[in-house]
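Worksheet: the structure to be examined is printed underneath.
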Amino acid sequence: MHLTTTLEELTEAELLDHADEVSRTQRECEAQVLRIAVQVAIVNNPETLDPAISRFPGRERARRFGGVGTPDVTEFAAAALGGRLGISTGSAHSLMADALDLMIRLPQLWRRVEVLEVKASYARFVARRTRDLSVDQASYVDERVAESADGRIPWSRFEDMVTGLVVASDPEAAARKERDNARRQVASPTRSTQDGMRSFFIRGPFPVIALFDARVQWFADVLASLGDTDDLDTRRVKAVAILADPLEAVALMEAFMAWRDRPDEADRPDVDWSTILPAVTVNVHTYAGAEPTGVTRVEGHGPVTEAWVRDHLGPHARFTIRPVLDLEGQAPVDAYEIPDRHREAVRLMTPADSFPWGASTTRSHQIDHTRAYRHRGPPGQSRIGNYGPMTSFHHRIKTHAGWQVRQPFPGIYVWRDPHGATYLVDHSGTRRLRTCPEMSPAEAELSQALFELAA
Numbered sequence: 001m002h003l004t005t006t007l008e009e010l011t012e013a014e015l016l017d018h019a020d021e022v023s024r025t026q027r028e029c030e031a032q033v034l035r036i037a038v039q040v041a042i043v044n045n046p047e048t049l050d051p052a053i054s055r056f057p058g059r060e061r062a063r064r065f066g067g068v069g070t071p072d073v074t075e076f077a078a079a080a081l082g083g084r085l086g087i088s089t090g091s092a093h094s095l096m097a098d099a100l101d102l103m104i105r106l107p108q109l110w111r112r113v114e115v116l117e118v119k120a121s122y123a124r125f126v127a128r129r130t131r132d133l134s135v136d137q138a139s140y141v142d143e144r145v146a147e148s149a150d151g152r153i154p155w156s157r158f159e160d161m162v163t164g165l166v167v168a169s170d171p172e173a174a175a176r177k178e179r180d181n182a183r184r185q186v187a188s189p190t191r192s193t194q195d196g197m198r199s200f201f202i203r204g205p206f207p208v209i210a211l212f213d214a215r216v217q218w219f220a221d222v223l224a225s226l227g228d229t230d231d232l233d234t235r236r237v238k239a240v241a242i243l244a245d246p247l248e249a250v251a252l253m254e255a256f257m258a259w260r261d262r263p264d265e266a267d268r269p270d271v272d273w274s275t276i277l278p279a280v281t282v283n284v285h286t287y288a289g290a291e292p293t294g295v296t297r298v299e300g301h302g303p304v305t306e307a308w309v310r311d312h313l314g315p316h317a318r319f320t321i322r323p324v325l326d327l328e329g330q331a332p333v334d335a336y337e338i339p340d341r342h343r344e345a346v347r348l349m350t351p352a353d354s355f356p357w358g359a360s361t362t363r364s365h366q367i368d369h370t371r372a373y374r375h376r377g378p379p380g381q382s383r384i385g386n387y388g389p390m391t392s393f394h395h396r397i398k399t400h401a402g403w404q405v406r407q408p409f410p411g412i413y414v415w416r417d418p419h420g421a422t423y424l425v426d427h428s429g430t431r432r433l434r435t436c437p438e439m440s441p442a443e444a445e446l447s448q449a450l451f452e453l454a455a
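Numbering follows the UniProt record's numbering, in which position 119 of the sequence shown is assigned residue number 119; successive positions increment by one, without gaps.
Right, here's the structure in full:
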């Protein structure tokens, strides 16, 4: 398509031809990103490390990112690559591991990626699934999957085929994994949330799950007998809440059995949900400004509407309101140790890892001094505006890998990687700041001013 031609001017046939061109370009770019990831790994080889320095705590070491047969890579290399690609450090690490596996352990599949016959997503899936295999076993899968990886079969069938080949490559190892997985029983809430709802995942032996299913159904039927008009799925969720309190479950069971035998002589049991639902602490952050947004954030759950808080939490919760009016106004301290009130203020101001494209939102972040604390230095070094929450890995990168950071205003972080790329991190996320020669002199001056403002 000519650069001056707009999509509106194209016929349907021309639009579809253009879609072909864009799809091809996309595959070319994805293949090139994989090549770049491998080259970054090659450049950051173990020989670039000084053994005398690497042995100290926190310093960078070499790790094997990919499977057996791939070279070791210096562990901080993924941070700079992730920044340039606009992805997290962990995602960049996975990209480098997949790329190394493809080029070294899965050469037939990689050749088809290079000639644009296989999408990078298909190839990377195979790389991940074969990572724990030996070189020969990976080659076994590579030889048999390369032809079908071009999208000729639906994704679900492709997943099953790769899984079957991984098992066939080493049946004994597959059997061991099955035995190991049988011991890995799980009962935990899921991380994902959607529209105010959340799931709870249970993985256990078949008889245990069958028993649990039967108990849930029994209590769901009891609720229906007692006049609950909700649908079956809703009653089953209520049944789980009842089972979560064994004393209440037994009491309800006994009361129901007595009422069922003589319904005309006994009062029908009533479920007191206020006693069944336990007392828990839920932290809900809402905006108290002059222009409410209508959105709140529930820690450990995610963003929801204020109506959800009112309708779903309101009937079952007692709220303690702790207004946060002046996060910046926390009095600084002279000690290296960070007071709890400062930690809470920083967490409210910056709920995620402050490293570029940091993905972690845990409450257990390390709170780092943006400008390193100096013993016998000036007073007030421990203050709001000189803290940044980070994972321990990103803290090590900031300390030992040549990254620089400034905090010109509380909660606003300007990072510069060892090669000069600059990133702005705030409550809205991460943005790459353009660098010369892309930016105008005025923009370059502003970028430098931002970086040095807190110097």
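Beta carbons: idealized from backbone N, C-alpha and C, even for Gly.
Relative to the C-alpha of Arg63, which residue among Pro51, Phe56, Phe76 is closest? Nearest of Pro51, Phe56, Phe76 to Arg63, Cα basis: Phe76.
Uninterrupted alpha helix (DSSP H) stretches inside the segment 382-447 (no shorter than 4 residues): The segment 382-447 contains these whole alpha helix (DSSP H) runs: 392-400.
Is it buried or exposed, Val271, if we count other Cβ atoms within 10 angstroms and call 16 or more buried? Its Cβ being crowded by 16 or more others within 10 Å, Val271 is buried.
Residue span of the alpha helix (DSSP H) that contains Asp101, given as start and end: Asp101 -> alpha helix (DSSP H) spans 89-105.
Going by the beta-carbon positions, is the gap between Phe206 and Val186 smaller than 8 Å? No, they are not a contact pair.
Just the Cα atoms here: how many angstroms apart are Ser91 and Val141? When rounded, the distance between both Cα atoms is 24 Å.
Would you mind giving the Cβ-Cβ distance between Lys238 and Leu252, rounded to the nearest angstrom? I have them listed as a contact below 8 Å. Actually they are not in contact, since the Cβ atoms of Lys238 and Leu252 sit about 11 Å apart, beyond 8 Å.
Proximal residues to Arg124 (C-beta, below 7 Å), its chain only, five neighbours per side dropped: Once the five neighbours on either side are set aside, the close Cβ partners of Arg124 are Asp98.
To the nearest angstrom, how far is it from the Cα of Met96 to the Cα of Leu102? Their Cα atoms are separated by approximately 10 Å.
Run the CB neighbour count on Leu165, radius 10 Å, all protein chains shown included, and call it buried at 16 or more, exposed below. Under this definition Leu165 is a buried residue.
Environment of His342 [buried if 16+ CB atoms lie within 10 Å]: Buried, since its Cβ has 16 or more Cβ neighbours within 10 Å.
List the endpoints of the continuous beta strand (DSSP E) containing Ser199. In the DSSP assignment, Ser199 falls within the unbroken beta strand (DSSP E) covering 197-203.
Would you identify the three-state DSSP class for Ala13, choosing helix, strand or coil? The DSSP-derived three-state label of Ala13 is helix.
Using DSSP bridges, identify the partner residues of His369. Answer is Tyr387, bridged to His369.
Taking only three categories from DSSP, how would you classify Val115? Val115: coil per DSSP, three-state reduction.
How is Asp334 classed by DSSP in three states: helix, strand or coil? Summary for Asp334: the model assigns pLDDT 49, below 50, so the residue's position carries little reliability; its value from the coordinates is reported in the next sentence. Correct three-state label for Asp334: coil.
Exposure label - Ser121; buried when at least 16 CB within 10 Å: By the 10 Å Cβ count, Ser121 comes out exposed.
Counting C-beta neighbours from all protein chains within 10 Å, is the total for Pro389 16 or more, i.e. buried, or is it exposed? Here Pro389 is buried. Its C-beta has 16 or more other C-beta atoms within 10 Å.
Would Val216 and Arg236 qualify as a contact pair, given that the criterion is a beta-carbon distance under 8 Å? Between Val216 and Arg236, the C-beta spacing is below 8 Å.
CB of Thr370 within 8 Å of CB of Arg396, strictly: No, the Cβ-Cβ distance between Thr370 and Arg396 is not below 8 Å.
How is Ala187 classed by DSSP in three states: helix, strand or coil? In the structure shown, Ala187 sits in a strand (DSSP, three-state: E or B).
Alpha carbon to alpha carbon, how far is Gly402 from Pro356? Give it in angstroms, no decimals. Answer to the nearest angstrom: the Cα atoms are 14 Å apart.
If you draw a straight line from the alpha carbon of Ser382 to that of Tyr373, how long is it in whole angstroms? Cα-Cα distance, rounded: 8 Å.
Residue(s) in a DSSP beta bridge with Asp72: BP columns for Asp72 point to Arg64.
Give a yes or no on whether the C-beta atoms belonging to Ala255 and Pro269 are separated by under 8 Å. Yes, the Cβ-Cβ distance between Ala255 and Pro269 is below 8 Å.
Measure the C-alpha to C-alpha separation of Arg157 and Val38 and round it to an integer number of angstroms. So the two alpha carbons sit approximately 29 Å from each other.
Could you tell me the alpha carbon to alpha carbon distance between Ser94 and Gly66, rounded to whole angstroms? Cα-Cα distance, rounded: 8 Å.
Ile153 to Val162 span [Cα, whole Å]: Going by the C-alpha atoms only, they are around 12 Å apart.
From Thr234, Pro418, Arg179, pick the residue whose C-alpha is nearest to that of His400; which is it? The shortest C-alpha separation from His400 is found at Pro418.
Residue nearest to Val33 in terms of C-alpha spacing, selected from Glu60, Thr70, Leu85, Phe56: If we check each option's Cα against that of Val33, Leu85 comes out closest.
Simplified DSSP assignment, three categories, for Ala19: Ala19: helix per DSSP, three-state reduction.
Ordered along the chain, which non-local residues of its own chain (more than five positions away) have a Cβ less than 8 Å from that of Arg144? Leu165, listed in sequence order.
Need the endpoints of the alpha helix (DSSP H) that residue 536 sits in, please. The displayed coordinates of the chain run from 1 to 455. Any statement about residue 536 would go beyond what the structure contains.
Is the CB-CB distance between Tyr387 and Ile412 below 8 Å? No.
Is Leu106 near Val118, with beta carbons less than 8 Å apart? 8 Å or more divides the Cβ of Leu106 from the Cβ of Val118.
Secondary structure of Gly58, DSSP reduced to three states: In the structure shown, Gly58 sits in coil (DSSP, three-state: anything other than H, G, I, E or B).
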